[in-house]
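If you read the protein sequences in the order shown, they are chains C and B.
When we follow our numbering, the leftmost residue of the first sequence carries the number 23, and every step to the right adds one.
When we follow our numbering, the leftmost residue of the second sequence carries the number 4, and every step to the right adds one.
Built from N, CA and C at the ideal position, the CB exists for glycine as well.
Working notes, structure below.
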Amino acid sequence: MMKRQAPRVAGWVLILWLGGIEWWCSPASAQQSSLSAAFPTIEMSAAQVDTLSAVNPHATSIGVKECAACHTQPGLIYPQLGVTRFVRLTEATQWFSQDKHAVAYELVRIDLPEAVRREPSHRSNQLAKEMVDALGWQPEDGNFQRQCLTCHAGYEQTDHRNLNTDASRIPIGVECEDCHGPGSLYTERSQHQQPSWRTKGPLEKAELGLIDLANPALCAEVCLSCHLGNLRQDRFVTHAMYAAGHPVLPPFELQTFLDAMPPHWADLKSKPLVDKENEPTVAATFQHQKDVYLAKFDLDATRSESELKQQIMQAYDRSQRSRIGTELTSAVGIAMIFDAAEQDERWGDFALYDCMGCHQILSQERPRYRVEGRIPGRAFPPLWWSVDATATTESTENTDAIFRGRADLRGRIDQAFNRIPFGDRQAVQEMAREGRLQLANERLAYVAEGRQILSAEKLRSDLKRLFEDRRERLTDYWVARQTAWTMTIAARELIAHGELQSEACETILTELDQLLRLNLRIPQRQSVLGHHVETLEIANQLDADRCRGLLEKILQLALHGPASRQ
Amino acid sequence: MACYFESRATAQSDWEFRGAASCAASGCHGGPRAGVSSVHVARGSEYPLWLESDPHARSWLTMNSPQATEILTKLGALREGRIVEPRSYRNCLTCHATDHDVELQGEGIMPVRPSISEGVGCEACHGAAEGWYDRHYQGPESIDVAIASRGMIPTKSLVDRARMCAKCHVGSDDRDMNHDLIAAGHPALYFDMAAYHEAYNKHWRDDEAESTAFRSQLWLAGQIANFEAELELIQARVQRKTFVSCWPEFAQLQCTDCHQQLLGRSGRVFNNSKGNPAASVVNLSQNTSALARPRMWNLNGWSVLANALDSGRIEGGSLKYDKISQEDFETLLALLRDPKQSQERISESAARVQSQWSNILGKQTTRDALERWDASHQTAVGLTLLRALDSPPQWEPAAMAYLSVWALDRREPAPAWTEALATLRSGLLFPPLQKTPAFPLSSSKDTDRLGEQPTSETFRQALRVLIDSLETNLP
Chain C
23 MMKRQAPRVA GWVLILWLGG IEWWCSPASA QQSSLSAAFP TIEMSAAQVD
73 TLSAVNPHAT SIGVKECAAC HTQPGLIYPQ LGVTRFVRLT EATQWFSQDK
123 HAVAYELVRI DLPEAVRREP SHRSNQLAKE MVDALGWQPE DGNFQRQCLT
173 CHAGYEQTDH RNLNTDASRI PIGVECEDCH GPGSLYTERS QHQQPSWRTK
223 GPLEKAELGL IDLANPALCA EVCLSCHLGN LRQDRFVTHA MYAAGHPVLP
273 PFELQTFLDA MPPHWADLKS KPLVDKENEP TVAATFQHQK DVYLAKFDLD
323 ATRSESELKQ QIMQAYDRSQ RSRIGTELTS AVGIAMIFDA AEQDERWGDF
373 ALYDCMGCHQ ILSQERPRYR VEGRIPGRAF PPLWWSVDAT ATTESTENTD
423 AIFRGRADLR GRIDQAFNRI PFGDRQAVQE MAREGRLQLA NERLAYVAEG
473 RQILSAEKLR SDLKRLFEDR RERLTDYWVA RQTAWTMTIA ARELIAHGEL
523 QSEACETILT ELDQLLRLNL RIPQRQSVLG HHVETLEIAN QLDADRCRGL
573 LEKILQLALH GPASRQ
Chain B
4 MACYFESRAT AQSDWEFRGA ASCAASGCHG GPRAGVSSVH VARGSEYPLW
54 LESDPHARSW LTMNSPQATE ILTKLGALRE GRIVEPRSYR NCLTCHATDH
104 DVELQGEGIM PVRPSISEGV GCEACHGAAE GWYDRHYQGP ESIDVAIASR
154 GMIPTKSLVD RARMCAKCHV GSDDRDMNHD LIAAGHPALY FDMAAYHEAY
204 NKHWRDDEAE STAFRSQLWL AGQIANFEAE LELIQARVQR KTFVSCWPEF
254 AQLQCTDCHQ QLLGRSGRVF NNSKGNPAAS VVNLSQNTSA LARPRMWNLN
304 GWSVLANALD SGRIEGGSLK YDKISQEDFE TLLALLRDPK QSQERISESA
354 ARVQSQWSNI LGKQTTRDAL ERWDASHQTA VGLTLLRALD SPPQWEPAAM
404 AYLSVWALDR REPAPAWTEA LATLRSGLLF PPLQKTPAFP LSSSKDTDRL
454 GEQPTSETFR QALRVLIDSL ETNLP
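And the structure:
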C-alpha cells in the first residue's frame with residue numbers, strides 16, 4: 023500500500039515559542055514538553071517554522087477503505103452504547119453519496135473515451151481534456167498529476183502512483199485523510215475509539231496525526247490549501263490553467279463553504295448531555311462530558327457541566343468561524359506570495375495577482391477600485407486576500423502587537439508591489455522571514471480565538487470593524503461578496519439567538535443575495551462554466567454603492583440589537 | 004551603428020528657446036496672408052494657423068485641466084495643486100510644452116515662462132531657435148546651415164518629420180508615457196503618421212501632396228519612425244533612464260491581451276456565447292503560458308521593411324536581409340513578453356536589433372525605400388496584415404491593418420471598396436462610454452452592447468472584399 027505524507031499545517035511550534043499568550047488549556051504543559059522535544063524552537067528561521075507539520079510527520083495514510091469499515095453505518099451495537107450521539111458513523115456514506123469532494127478526481131479524469139466525454143454529464147471531463155490539450159501537457163510529463171491531482175485527488179510529489187494502472191490505489195477524490203490527517207497512528211490499537219479520545223486536546227491529537235478540524239483556524243487552513251492554494255504542496259491554479267478554462271476559484275468564506283457541504287459531522291451544540299442516572303450504559307461509554315468541553319474550549323473549570331453546556335449553546339460559533347476563516351484566508355494568501363518569491367517557476371505567475379486588476383473593461387463608466395498609496399496601473403495581490411486582522415476577543419498588548427504587525431506587513435507588501443510592476447521579488451524575499459513570523463503569531467492568536475466563546479457583544483463590535491475596514495473596497499465584487507457572506511451569517515445567527523428582529527433584516531438579506539448572488543449552489547440545469555460566466559457578469563455590473571448601503575443597514579440593525587423590536 | 008541612433012537622440016541641442024512669439028512678426032510667420040511676405044516661406048501665416056487651429060497650441064491648457072490635475076495627483080506628482088515630484092512633472096512637460104525645465108519656487112510652484120505656457124510651440128518641432136532665428140531667411144542655404152550646425156530640426160524629409168513627431172507620440176528616453184500614466188487616466192498612444200497627418204491642420208504645404216503615393220509614403224515614414232522610437236523607448240525603460248520608467252512595463256504589451264472581459268462575449272475565454280463548455284476553451288497552442296503578447300503597434304516597421312527587402316521590392320544594395328536578423332528580432336519579441344526576463348538581456352537583445360536595423364534597414368535604405376514606395380508596396384503590406392488577423396480579430400492588429408489599407412489612397416475607389424473600408428472602420432470605433440473595443444461575435448446581443456457596430460458576418464464580408472480587391476491589384 024502506498025503511503026502518503028501528512029498534509030502540512032504550519033507553525034505549531036510557535037505556540038511554544040510565543041509563550042506569552044496564556045491561551046492553552048491547563049493540561050497543555052504536558053503536551054508542550056513532548057512536542058518541544060520533537061522540534062527545535064527558538065533558533066529556527068521563519069521558513070522552517072512554516073514548513074513544520076502540525077501533525078506528526080511519521081503518520082501515514084491508510085486509505086479510505088479503512089475508515090469506511092466503521093464510518094459507513096452504525097450497525098446495532100453502537101447506537102445502543104450511545105456512540106451515535108457523538109459520532110454519526112455514517113460519515114463515509116454521507117461523503118461518498120453526497121459530497122462533491124468524493125468525485126473531485128472523477129470530474130477531471132482525462133482517460134475517458136471521447137464518446138463518453140461528449141455526454142452532457144461528462145462536460146467537466148471534456149473540459150479537463152481540452153485544458154490538458156491546450157496546455158500542451160503530455161501523459162508522461164507528470165503535469166496532470168502535479169498540477170491537477172494535488173487538489174483533485176490528494177496527490178503529493180512523493181506519491182508515485184500510476185493513476186492509470188495502479189488499481190490498488192486509484193484515488194476517488196478528496197478523501198477522509200486529505201482533511202483529517204493521515205490515519206496510521208490514531209487508528210493504531212484503536213486509539214481513537216477509546217473513551218478517553220474525546221477528552222484529548224488538539225495538540226495531543228495532532229501528535230497522533232489527527233487535525234483538530236473543530237478549531238475554525240485549523241479547519242480554514244485545511245480548506246484553503248486547495249480553495250486558495252498552497253505552493254509548498256503544489257496546490258496552485260496557474261494563470262495558464264485559468265486561461266485554458268479552469269473556473270475561477272471563488273473567494274473563500276469558511277462557514278458558507280461548510281454550509282455548502284453535506285455535513286458528515288455534528289457540532290458540539292447538537293451533542294446532548296448524557297443523563298447519567300437514566301442512561302448508565304451510555305454514561306459508562308464516555309468520559310465526563312465536562313472534560314470534553316474543557317478540552318475543546320477555554321472555559322471556567324469551576325462551573326458545572328450544564329452551565330458549560332449552556333455557555334456553549336449561546337456561542338456565536340458560525341459567525342466566529344466566518345470571521346476567523348476570513349482572517350486565515352488573508353494569511354494564507356500572503357504566505358503564498360512569500361512562497362512564490364522563493365520559487366522561480368511561480369513568481370510572477372499572473373494567478374498571484376488580482377484578476378480584475380488586469381481584466382477590467384476599459385470603461386470610464388465603472389469606477390475602477392483604487393487603494394490609497396498604490397500606484398495606478400500596477401498588478402497587486404487580490405484585494406480579498408488582504409484584510410486587517412480584527413477578529414480577536416480582547417485587546418491585549420500581544421494582540422495589539424499582532425494588529426500593528428499586520429498593518430506594517432500590509433504596507434510593506436504594497437510598497438514591494440508599488441516599486442516594480444509585478445512586484446519586487448527581492449523585497450518580498452527580504453520581508454518573508456519577519457512576515458512569516460507575523461503570520462505564525464496571527465495563526466496562534468486565531469487558533470486560541472477558536473477556543474473562546476464568541477458573545478453577541480463582541481460579534482457586534484467585530485462586524486463594525488469589518489465593515490469599516492472594507493467600506494472603501496466594496497467596488498471589488500469578491501471583497502463585497504466575502505463581506506456580505508460574513509454579515510449574512512452573523513445577522514442570521516443574531517436572529518436565531520433573538521438578538522435581531524427577523525422581518526426587518528430578512529428583506530435586506532434577500533436583496534443583498536440578489537445583488538451579489540451569495541448562493542454557491544449551481545442550479546441543476548446550468549453548467550459550471552455557464553454559472554461562472556453569469557457570476558462574472560454580476561461582478562462586472564456590481565453596484566457598489568447599493569451594496570455598501572445594504573451592508574450598512576444590516577450593520578445598523580445588528581448594532582441596534584433586539585431593542586429595534588417595536 | 005550606435006551613432007545612428009545617438010545622432011538623433013542628441014538633436015535636442017543646448018540652444019535656448021526664444022518662444023513662439025518671436026516667430027510671430029507680421030512680416031515673418033505671423034502674417035495674415037499666405038505666400039506674400041517671403042519667396043522662401045510657403046505661407047507666411049504659420050503662427051496664426053498654429054495658434055487658432057492647432058491642438059498643439061492648447062497643450063498647456065490640457066496639462067492644467069481638471070482631468071490632468073487628477074492624473075498628476077494620482078501619480079504623486081502633484082499634491083493639493085503643488086508640484087511635489089518635479090521629475091515626474093517634467094516627464095509630462097517634455098511633451099506638453101516647448102520647454103521642460105521645471106524650476107520650483109516656494110512650495111512647489113512653478114513660475115510660468117512663455118516657452119512653457121505656449122504649449123507645443125514652433126520650437127518644439129523646429130528646434131530651439133537661438134542659433135538660427137536671425138539667419139534662416141537668407142535663402143535655402145541658410146536653412147541647410149541651420150539644420151547642419153545650429154539646432155534646427157529638418158522637417159522636409161518625411162522620415163525626419165515622422166521621427167520628430169514620434170519623439171512625443173511614441174516616446175523617447177526623456178519622455179515616457181507608460182502604463183502608470185495610462186492607468187491614471189492618460190489616453191494610450193496610437194500614433195499613425197499618415198492618419199495624423201490627414202487630420203492635422205497644416206501650416207505648411209507639401210510639394211508631393213498631390214501624388215497618390217504620398218499617403219503611403221507618410222505611412223511608411225511613420226512605421227520607420229515608430230520603430231526607431233520604440234526601440235529607444237524600450238532601452239530607456241529597461242535601463243531606467245528616467246524617473247518614471249520601469250520594467251516590466253505593461254505598456255509594452257498588447258492592451259487587449261490583458262484588458263479583456265472575462266465574459267462569454269469577449270471572444271477569448273468563452274468564445275461560445277451559449278456557454279457550451281465544449282467550445283469554450285481558448286486556443287493556447289502558440290501561447291501555453293498564457294502571457295500577453297508584445298504590443299506591435301510601433302514594432303511593425305521591421306516586418307514592413309524586412310518583407311520589402313526580402314521580396315526584392317526595394318533594393319538593399321549590397322545589404323542582405325537574412326535569417327539571423329529575423330531571429331534577433333523574434334528573440335526580442337519573445338523576451339518582451341516574459342515579465343521575469345532580466346533587463347540586461349532585453350537591453351542586449353534590443354541593442355542587437357538596433358544594430359541590425361541601422362546596418363541593414365538603415366538610413367540610406369529607408370530613404371531609398373521611401374522614394375520608391377508606391378501603391379504596389381502598400382498593397383502587399385495591407386494584404387499581409389489583413390490575412391494575419393485572428394477571427395474574431397483583436398482591436399490593435401485590426402486597426403493596424405485598417406490604417407495600412409486606408410493609406411492606399413485610391414482616388415476613384417469602387418463602391419464596394421469604400422463600403423468595406425467604412426465597415427472595418429466602424430467596427431474599430433470605440434463605442435460610447437469608451438469601453439474596451441471588442442469585435443462582435445453574434446448578431447443579436449452584441450449590437451445593443453456596442454451601439455451601431457457591424458455584425459461579425461458583415462465584418463467578415465468586408466475583410467473578404469478588401470482582401471480580394473488587394474489580391475487583384477497585386478502586381
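Separation of residue j from residue i, as counted between CA atoms
i, j, result
"His189(B)", "Val162(B)", "27 Å"
"Phe462(B)", "Ala262(C)", "30 Å"
"Ala151(B)", "Ile74(B)", "39 Å"
"Gln213(C)", "Leu225(C)", "15 Å"
"Ala23(B)", "Asp260(B)", "42 Å"
"Ser25(B)", "Tyr50(B)", "10 Å"
"Leu54(B)", "Gly33(B)", "10 Å"
Cβ-based burial, residue i [other Cβ within 10 Å; buried from 16]
i, result
"Ala239(C)", "buried"
"Lys312(C)", "buried"
"Thr324(C)", "exposed"
"Val86(C)", "buried"
"Leu411(B)", "buried"
"Tyr264(C)", "buried"
"Val450(C)", "buried"
"Ala401(B)", "buried"
"Asn541(C)", "exposed"
"Gln226(B)", "buried"
Cβ of residue i within 7 Å of any chain B Cβ
i, result
"Ser370(C)", "Note that residue 370(C) corresponds to Gly in the displayed sequence, not to Ser. Output row for Gly370(C): interface = yes."
"Gly399(C)", "yes"
"Phe444(C)", "yes"
"His595(C)", "Absent from the model: residue 595(C). The displayed extent of chain C is 23 to 588, so no value can be given."
"Ala126(C)", "no"
"Ala262(C)", "yes"
"Ala373(C)", "no"
"Ala449(C)", "no"
"Ala265(C)", "yes"
Contacts that residue i makes with chain B (C-beta to C-beta distance below 7 Å)
i, result
"Gln382(C)", "His262"
Cβ-heavy atom distance, residue i to the ligand FMN, below 6 Å
i, result
"Pro79(C)", "The ligand FMN is absent from the structure shown, which contains no ligand whatsoever."
Residues that residue i contacts on chain B, provided the C-beta gap is smaller than 8 Å
i, result
"Phe360(C)", "Within chain B, no residue comes near Phe360(C); the closest Cβ sits about 17 Å away, beyond 8 Å."
Proximity test, Cβ basis, 7 Å: residue i and chain C
i, result
"Lys77(B)", "yes"
"Ala80(B)", "no"
"Phe253(B)", "yes"
"Ala187(B)", "yes"
"Pro89(B)", "no"
"Asp183(B)", "yes"
"Ser429(B)", "no"
Neighbouring residues, chain C, relative to residue i (Cβ below 7 Å)
i, result
"Cys249(B)", "Ile442 and Pro443"
Where residue i meets chain C, residues with beta-carbon distance less than 8 Å
i, result
"Lys244(B)", "Per Cβ cutoff of 8 Å: no residues; Lys244(B) is ~16 Å from chain C at best."
"Asp393(B)", "By Cβ distance, chain C contributes nothing, its closest Cβ being about 15 Å from Asp393(B), past 8 Å."
"Pro69(B)", "Residues of chain C passing the Cβ test: none, with the nearest at roughly 14 Å."
"Pro297(B)", "Chain C residues near Pro297(B): none, gap ~15 Å exceeds 8 Å."
Open item on the list: Below 8 Å, how does it come out for the stretch 550-567 of chain C and the stretch 526-542 of chain C: are there three or more Cβ pairs, yes or no?
Closed with: Flag = yes, the stretch 550-567 of chain C and the stretch 526-542 of chain C touch.
Open item on the list: Measuring CB atoms only, is the stretch 573-580 of chain C touching the stretch 486-502 of chain C, in the sense that at least three cross pairs come out at less than 8 Å?
Closed with: Contact between the stretch 573-580 of chain C and the stretch 486-502 of chain C is present, because at least three Cβ pairs lie under 8 Å.
Task: Inter-stretch contact (C-beta, 8 Å, three-pair minimum) for the stretch 193-200 of chain B and the stretch 341-350 of chain B - done: The stretch 193-200 of chain B makes no contact with the stretch 341-350 of chain B; the number of CB pairs closer than 8 Å stays below 3.
- [ ] Flag this pair as touching only if the stretch 112-124 of chain C and the stretch 154-165 of chain C have three or more C-beta atom pairs under 8 Å; answer yes or no.
- [x] Two segments are said to touch when three or more pairs of C-beta atoms, one from each, lie closer than 8 Å; by this definition the stretch 112-124 of chain C does not touch the stretch 154-165 of chain C.
Task: the stretch 53-67 of chain B in contact with the stretch 115-124 of chain B per 3-pair CB rule at 8 Å - done: Contact between the stretch 53-67 of chain B and the stretch 115-124 of chain B is present, because at least three Cβ pairs lie under 8 Å.
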